[in-house]
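Working notes for the structure below.
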Amino acid sequence: MQSKTLTLAPALNFFPNLKPPHKTLAFHQISALTITFLAYASFHASRKPPSIVKSVLGPTFQANSSSVDTGWAPFDGPRGTHRLGELDLAFLSAYSIGMYFAGHVGDRIDLRLFLVFGMMCSGILTIFFGLGYWFDVHVLGYFMVVQVLCGLVQSIGWPCVVAIVGNWFEKGKRGLIMGVWSAHTSVGNIIGSVVASGVLEFGWGWSFVVPGVLVILVGIVVFLFLPVCPEDLGFESPVKEIQMNVEINGVKNLEGKVESEEAGLLGTEHADADADADTGSLAAIGFLEAWRLPGVAPFAFCLFFSKLVSYTFLYWLPFYIRHTAVAGVHLSHKTAGNLSAIFDVGGVLGGILAGLISDMIEARAVTSIAFLLLSIPALVLYRLYGSLSMVANIVLMFLSGLLVNGPYSLITTAVAADLGTQTTIKGNSRALATVTAIIDGTGSVGAALGPLLAGYISTKGWNNVFVMLILAIFCATLFLIRIARAEIKGKLNEGKWYLFNGIEGKHNLLIVNSSIWSRFVASTVSEESHHFENLTCSSNVDGGIQLQKNLDYSAILGSNSAGNHMEVPIAWMVR
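Numbering that gives the first Met the number 0 numbers the first residue of the sequence shown as 0 and each following residue consecutively.
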């Protein structure tokens, strides 16, 4: 990303030994990863207190004979859970709206300074929410205004950190690296849960003040040390898209990974190499233009439903645990808050696994769908059997967190970075923050809706809440089906995945690729496949290109409109 970096971080200027040639590219890559990890973990730590204090602020609840939650006006009445849900809606609605603008602005100004501004304001506003405890504030409007403003400034964080990390790492390594890095979300939630629960006994205000101070302190570190992009330090950017030019019959084509437009985030798209492309790559991409990029809209709407599920757990899981007896016993506020961190521990592993698997199979959508579908039985099991014992609760909560947060982490990190640097935009990596903001901003609309619905639906029973979550997961998978099909077809064409399919008889089909030739065994074909050596042809046959390399088998390749994948009747293979 060719970001506008006005100045280097002060510490990098003050300590010359932190610059090249004293420090390598790898050192600064690790530095960028670590600092952005801490930055976004602190953001999430400051978002966790509302979920921890819900059971204290909410309606009066008789947990055990010696434990009564008296609540805090205006959240202690019969409609208390509704108002708590509306408080979540205020924050997340402002967050989702601010996300679209934050990404647009982030592509045009110094990302480090923009990120620091968001962190400082976020910390101050989180502290302001907690001050309501000492000033005995019982006005709903006060808490609403603070949450709206906090949501707006918190929206600055995500587009900035993803854009910065995207600047430092090439596409082929993003899945695993960003899978590990995306653990900041769950780590921040864990820190927020432990800290907010630990100080809750001294008054719920401390559950906001301490995380707020934490965000401010990490913001100072970001201001002093964060390197935005390699070019600022004199390194060559590792973020490059590679294309291979292939000329057939005098016609020059661009051939990269063989995927359709829907799978363009993992491959290359046909593009003209004009002189104007290099000039245009320096200009930030427009908002509507970013929406039209291949894959952006489907992944954005998938994240809408995926984040709806994740944030419902983020904001309501401690409340649910507190109000659901585990082995016949209602847990304390502190225990419920700490126990809810298990969901995020599973999320850490889920993000890493999703990133690793998607790198191995080179199919982000397929990986996301697999995690989403597996999360449905996990949630059913957690609801049915999570209350049987503490062990069952922990195991099923961990599994649910792993499967729910896996695709959420993958889409918001590696997928967003891939989409923001795809070759469809002719190398314009300045689209990265905008695309990231579109995807996560759309997801945040779902994140706002989920906790609100949970606040209303939970009054009718928690079974209804889990039904809502399962329906949301099902909807999330629907948006990725088309991209997943394109990914599968592309990998089969590349010869990286093998699949035999077709109709019985001579019209069985074998997927092959014009640039990757392998041995194929067709044991179920009614006609014999024949051996065939050392032939070379280049003539057009029925609109297709007939090619032969000095390997074992050949076929007449029927080219599709994009010229990049073929379905070949095995009966056409000749001796």
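For glycine and all other residues, C-beta sits at the position ideal for the given N, C-alpha and C.
In terms of CA proximity to Ile356, Ser408 leads the group Phe128, Ser408, Gly440. If the five residues before and after Ile215 are omitted, its C-beta is found closer than 8 Å to the C-beta atoms of Met118, Met119, Gly122, Ile123, all from its own chain and listed in chain order. Beta-bridge analysis with DSSP links Val221 to no other residue.
From the listed residues Tyr141, Gly131, Ser92, Ile176, the smallest Cα separation to Gln153 is found for Ser92. Going by DSSP, Trp71 is part of no alpha helix (DSSP H) at all; its letter is neither H nor E. About 5 Å separates the beta carbons of Ala299 and Ile438, which is inside the 8 Å limit, making them a contact pair.
Shown here, Val227 sits in coil according to DSSP, grouped into three states, outside any helix or strand. In the assembly as shown, Arg291 is an exposed residue. Its beta-carbon has fewer than 16 other beta-carbons within 10 Å.
One alpha carbon belongs to Val365, the other to Ile487, and they sit about 8 Å apart. Per the coordinates, the alpha-carbon of Leu110 lies some 14 Å from the alpha-carbon of Glu230. The Cβ neighbour count for Val227, taken over all protein chains shown within 10 Å, is at least 16; the residue is labelled buried.
Separation of Ser45 and Thr125 (C-alpha to C-alpha, rounded to the nearest whole angstrom) is 7 Å. For His183, the enclosing alpha helix (DSSP H) starts and ends at 182 to 198.
Taking 9 Å as the cut-off, the Cβ atoms of Leu175 and Asp417 do not count as close. Per DSSP, reduced to three states, the secondary structure at Val434 is helical. For Ala8, no alpha helix (DSSP H) encloses it, and the DSSP letter there is neither H nor E. Assigned with DSSP and collapsed to three states, Val344 falls in helix. Residues of the same chain with a CB within less than 7 Å of the CB of Leu452, apart from the 5 flanking positions on each side, are Met467 in chain order. Residue Asp87 holds the alpha-carbon nearest to the alpha-carbon of Ala446 among Phe13, Ala485, Asp87, Ala413. When Cβ pairs closer than 8 Å are counted between the two stretches, the segment 192 to 200 is seen to touch the segment 331 to 341, the count reaching three or more. Counting only residues of its own chain and dropping the five nearest sequence neighbours on each side, Leu402 has a CB closer than 7 Å to the CB of Gly349, Phe370, Leu373, Ser374, Ala377. At a Cβ-Cβ threshold of 9 Å, Gly218 and Gly129 do not count as neighbours.
Residue pairing for Val325: DSSP places it in a beta bridge opposite Val328.
Counting of Cβ neighbours within 10 angstroms places Tyr384 among the exposed residues, the total staying below 16. Residues of the same chain with a CB within less than 7 Å of the CB of Phe397, apart from the 5 flanking positions on each side, are Ile341, Val344, Gly345 in chain order. The closest CA to that of Glu200, considering only His21, Val434, Tyr132, is found on Tyr132.
Contact check between the segment 27 to 46 and the segment 177 to 185: three or more CB pairs, one atom from each, fall below 8 Å, which counts as touching.
Residues Leu395, Met396, Ser399 of the same chain have their beta carbon placed closer than 7 Å to that of Tyr381, with the five preceding and five following residues left out of the count.
In terms of Cβ geometry, Thr80 and Ala289 do not form a close pair [threshold 9 Å]. Rounded to the nearest whole angstrom, the CA to CA distance from Glu85 to Ile320 is 20 Å.
In terms of Cβ geometry, Leu83 and Lys53 form a close pair [threshold 9 Å]. At least 9 Å separates the beta-carbon of Ser95 from that of Tyr314. Taking a contact as a CB-CB distance under 8 Å, the pair Phe116 and Gln28 does not count as one, their CB atoms being some 25 Å apart. Contact between Ile410 and Cys301 is confirmed by a C-beta separation of about 7 Å, below the 8 Å threshold. In this structure, the beta-carbon distance from Val308 to Ala471 falls below 9 Å.
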